[in-house]
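Residues in the sequence shown are numbered consecutively from 6, following our numbering.
Ideal Cβ placement from N, Cα and C applies to all residues, glycine included.
Here the structure is laid out as structure tokens; the discussion comes afterwards.
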Amino acid sequence: MSLDLVSYTKPIELDLTPKTAQPLVEGDGGSYYIWLSSEVQILAETNVAAGQFILQPRGFAFPHYADSSKVGYVVEAAQIAGDEGMESYSIVTTTKPLFEELAGKTSIWEALSPLVQQVSFNVDSKFQKLFISKVTENNNLIPPTI
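Structure below.
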């Protein structure tokens, strides 16, 4: 006897209309906005929190500690270094971190053919070779500021 699981599945109706984030912290260096689970049904249903951290150019923010796990993604970033260079560090608060390298000797750029890179970035072969040489010599891939 086989069961048709579709006929036994209760449809989930969620309000997925865009909601405005509420400011939690606003300052000269940056801001942190949150979506409240009381206002966004999908957050309450899935027991997930949502926030947006906006750091102003040359802004600085102190680390924030919470009693829950967090996942953060940097959508757009730039680093500025003087003549002395730059030091950067990361604090990982998970027992099973997963790191992916965009640059360095294990760069994913090496997997793409030079022609695909040229077409994707709309650059000539000379620039493509320069890009690959710079990407593979350093682990930091730093986009330009706008």
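{"Query": "Three-state class that DSSP yields for E44 in the structure shown", "Result": "coil"}
{"Query": "Presumed contact (8 Å Cβ cut-off) between S36 and P28, rounded CB distance", "Result": "6 Å"}
{"Query": "Distance between beta carbons of Q57 and A178, contact taken as under 8 Å", "Result": "Nothing about residue 178 can be reported from this structure: the residues present for the chain run from 6 to 151 only."}
{"Query": "Bridge-paired residues (DSSP) for I137", "Result": "DSSP, once it has assigned bridges, lists no residue as partnering I137."}
{"Query": "Backbone secondary structure at V121 - three-state DSSP", "Result": "helix"}
{"Query": "Contact set for S130: own chain, Cβ-Cβ below 7 Å, skip 5 residues either direction", "Result": "P119 and Q123"}
{"Query": "N- and C-terminal bounds of the beta strand (DSSP E) containing P28", "Result": "Q27 to E31"}
{"Query": "Residues sharing a beta bridge with S36, DSSP", "Result": "E31 and I59"}
{"Query": "Distance, D20 Cα to V53 Cα", "Result": "15 Å"}
{"Query": "Candidates T51, V30, I39 and W114: closest to K139 by CA position", "Result": "W114"}
{"Query": "Pairwise C-alpha distance: L48 and G34", "Result": "28 Å"}
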